[in-house]
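Written below as structure tokens is the structure these notes are about.
In my numbering, the protein residues as written are 7 to 326.
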């Protein structure tokens, strides 16, 4: 009120009507903006609705790019070194390090995406491996209790050759079509066998809009040579699946049979849970080691992030 009185004294010579208008303006409260509250994913202990997927960005973007002078992406796998990756793709170590300034050559995390440059002065003359296409038959996302979101893009290998280094880019779009997040998705195993499927997975940390919709774009995949010494032939024996009465979990068990030629320093078994519509609702990976010729028992429980589990598929791989 003191401020209002001061204004009246300053403008006492102004006609009454003008003074009243000035009084009203000087005493009016300042305008305030009510910030929009952040959207919070719907939290529930029951299966939540799947975020509706968008189609692939376009036909051209949905396929891996053929080799060009521009870099492409390689996903770091267990046992990789920067020098071995450079040799594999026929580029110099210095060029590979320069193309990935944020990745430490001595501490590369598994799953990191490396940019592979094209070295026009490749001294070995080795050509860059040609990326090959694979199909993505579905993409589904599920909100989590902590406000994050799991997304699964199901990769299908329709070829007669095994594929490795599969990756895709999953973007989350808000209701207005604006991209709110984007991350690379990779499978739980390095290798996708012929005529098989595996989900490319990624987790978006909180906060994520509950109505976010996924869109996927394939980044990379390559044919795995049949005689590649980095992997050992394995098979799964005596597998069993027990689905809980409520369909929210499934317990799987079995044995991984290793060849007699070498011990396995790394053994992975991926369990992928599907609902009755054939959509991925969960996955889990078991890890172990084994001696040459051994049969390694495994057991794990996979949970559903969506609807009831009706079947679980198992895939395994081993490396010396």
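Heads up, the beta-carbon is just placed ideally off N, CA and C, and yes, glycines get one too. This structure is a prediction, so every number in the text was calculated from the model and none was measured.
Comparing alpha-carbon positions, the option among 149, 208, 325 lying closest to residue 118 turns out to be 208. Within the DSSP secondary-structure output, residue 158 pairs in a beta bridge with 146, 207.
Counting other Cβ atoms within 10 Å of its Cβ, residue 260 reaches 16 or more and is therefore classed as buried. Within 10 angstroms of the beta-carbon of residue 146 lie 16 or more other beta-carbons, which makes it buried. By the C-beta criterion, the region 268-284 is judged to be in contact with the region 297-311, since at least 3 inter-stretch pairs fall below 8 Å. If the five residues before and after residue 290 are omitted, its C-beta is found closer than 6 Å to the C-beta atoms of 277, 306, 308, all from its own chain and listed in chain order.
For the options 296, 293, 262, 315, the alpha carbon positioned closest to that of residue 287 is the one of 315. In its chain, beyond the 5 residues on either side, 200, 201 have a beta carbon closer than 8 Å to the beta carbon of residue 166.
For residue 319, the closest C-alpha among the options 189, 93, 203 is that of 203. Within the DSSP bridge table, the entry for residue 294 names 273 as partners.
Note on residue 110: under 16 other CB atoms within 10 angstroms of its CB, so exposed under the neighbour-count rule. Residue 185 is positioned such that its CB atom lies no closer than 7 Å to that of residue 206.
A residue is called buried once 16 or more other Cβ atoms fall within 10 Å of its Cβ, and residue 173 is buried on that count. Look at the region 179-208 and you find these whole runs of beta strand (DSSP E), each 3 residues long or longer: 185-191. Counted as a single uninterrupted DSSP element, the stretch harbouring residue 116 is not any beta strand (DSSP E), since DSSP gives it neither H nor E. Sequence-distant Cβ neighbours of residue 210 in its own chain, meaning closer than 6 Å and more than five residues away, are 154, 155, 187. In the DSSP annotation of this structure, the continuous segment of the beta strand (DSSP E) that includes residue 244 starts and ends at 241-249. Note on geometry: alpha-carbon atoms of residue 170 and residue 312 lie some 28 Å from one another.
Rounded to the nearest angstrom, the gap between the Cα atoms of residue 297 and residue 121 is 36 Å. Here DSSP, grouped into helix, strand and coil, assigns residue 93 to helix.
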